[in-house]
Amino acid sequence: MSKPRLIAFYLPQFYPTKENDEWWQKGFTEWTNVGNAKPLFKGHYQPRVPADLGYYDLRVPEVREEQAQLAREAGIEGFCYWHYWFAGRRLLDRVFREVVESGKPDFPFCLCWANHSWYQKTWDSTKPDKLLIEQTYPGVEDYVNHFYAMLPAFKDKRYIKVDGKLLFGFFSATGISKEQFRLFASTWQKLARDNDLEGFKFFGFTYDAEEFDEISENGFDYVTIDYLNHMKHTVNLAKNVFKRLYRDISGCPNKVYDYQDYVKYILNNFNPNRKNQLPCILPNFDHSPRSSNKAFILHNSTPERWEMLCKKMFNMISDRPHEENIVFLKAWNEWGEGNYLEPDLKYGKAYIEATKKAIDNVK
């Protein structure tokens, strides 16, 4: 049996930027949404208030050091930073730049390209559906520029590798065509060799379980599926029809599911025999800070339920070689989606402690 390599997705958004000031409001970050969140029904856990780290600013190096220490306590190997590249323009890049340039925190990392267009409603669903910046794939020249922009990170000893190769993800694995992905991948593999690197292992992220074969056939080494989107179309549809009618009338959100339904769903649908599927599991989820009563919400998540999910998932894949025994935790700090492991006032460090208990359970 091998212990899983836990990698937590990390949102580098919690600091003011010129674009956020222009597109939303002066000083806007996800904390703006988090602080404005309200309970939408009886028992709804909102607002969620950060504890140990407070409403932090990621420009502060001490915050990043404390995050790394908390992640170590959870048994997490490293962070997977969301990375934003738009034909040479980088957004939300200051935090990761400083991590690379400073060498701190001394904590492993990898990157997942959040390759999707931005709309004004991306961070605030009350805003119009206005395109702010489009994700494009201009071709080889851009792919070369992209590689060299990130080369200092790729050469960093902290960069997470699988069998000696750099782990790099695409958030929208089907958002890039097969032809463009293969061109991108072959370009980067050659550039890696030219720069004394062993190459890349590419993973494709998706919300649609039915895209697994397509992503694999397009040339990705691994596929990771966030089952939430698929689950909400299949779980308890008949049972919840009258509840949804009531919620439509009352203005309450109609996409509320019990966390235990999510646990059952993912354990029933994840196939450990597909060795190129890397699990992605969520401790909690509540999109209402961003989208209010249109939100998708996992209700009744607890550290105990999270620990149970972790234990069962880790044991399902414990026969995999250690290098490829990767589990993505989504997420470390997506506070605007109620999706985080960081301490809050209600549970303190209980989710972190539950994660550590689960990984220690794998002998």
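The sequence shown begins at 37 in the numbering used here and counts up one residue at a time. We treat Cβ as the ideally placed atom computed from N, Cα and C, and that holds for glycine.
Nearest neighbour of residue 307, chosen from 117, 349, 293 [CA to CA]: When only C-alpha atoms are compared, the closest one is 349.
C-alpha distance - residue 192 paired with residue 79, whole-angstrom precision: For residue 192 and residue 79, the distance between alpha carbons rounds to 46 Å.
Residue span of the beta strand (DSSP E) that contains residue 366, given as start and end: Element bounds for residue 366: n/a, residue is neither H nor E.
Exposed unless 16 or more other CB atoms sit within 10 angstroms - verdict on residue 275: Reliability fails at residue 275, whose pLDDT of 48 lies under 50, so the model's placement of it is uncertain and the value that follows must be treated cautiously. The residue in question, residue 275, is exposed, as its Cβ has fewer than 16 Cβ neighbours within 10 Å.
The beta strand (DSSP E) enclosing residue 335, as first and last residue numbers: Bounds of the beta strand (DSSP E) holding residue 335 are 332-335.
Beta carbon of residue 201 nearer than 7 Å to that of residue 236: Their beta carbons are under 7 Å apart, which means residue 201 touches residue 236 by this criterion.
Inter-residue Cα distance where the pair is residue 135 and residue 115: The alpha-carbon atoms of residue 135 and residue 115 are separated by roughly 12 Å.
Cutoff 6 Å; reference residue 203; Cβ partners in own chain excluding five residues on either side: Here the set comprises 146, 196, 237.
Residue nearest to residue 60 in terms of C-alpha spacing, selected from 76, 112, 139, 164: Checked all of 76, 112, 139, 164; the closest Cα to residue 60 is 164.
Rounded separation between residue 281 and residue 291 - CA only: Only weak support exists for where residue 281 lies, its pLDDT of 40 falling under 50; the value from the coordinates is given anyway. Their backbone Cα atoms lie some 11 Å apart in a straight line.
Simplified DSSP assignment, three categories, for residue 164: Judged by DSSP in its simplified three-state form, residue 164 adopts coil rather than helix or strand.
Cβ neighbours of residue 381 in the same chain (closer than 6 Å, five flanking residues each side left out): Result list for residue 381: 85, 87, in chain order.
Any non-hydrogen atom of the ligand MN within 6 Å of residue 55 CB: Within the structure as shown, the ligand MN is missing, as the structure has no ligands at all.
The stretch 358-374 contacting the stretch 37-46, beta-carbon criterion three pairs below 8 Å: Touching, per the Cβ criterion.
Nearest-angstrom beta carbon gap, residue 313 and residue 261 [assumed within contact, 8 Å]: That belief holds up - the Cβ atoms of residue 261 and residue 313 are roughly 7 Å apart, short of 8 Å.
Same chain only: Cβ atoms within 7 Å of residue 316, ignoring 5 sequence neighbours per side: Closer than 7 Å at the Cβ level, and outside the excluded window around residue 316, lie 260, 261, 262, 364, 366.
Short Cβ contact (7 Å threshold) for residue 386 with residue 347: In terms of Cβ geometry, residue 386 and residue 347 do not form a close pair [threshold 7 Å].
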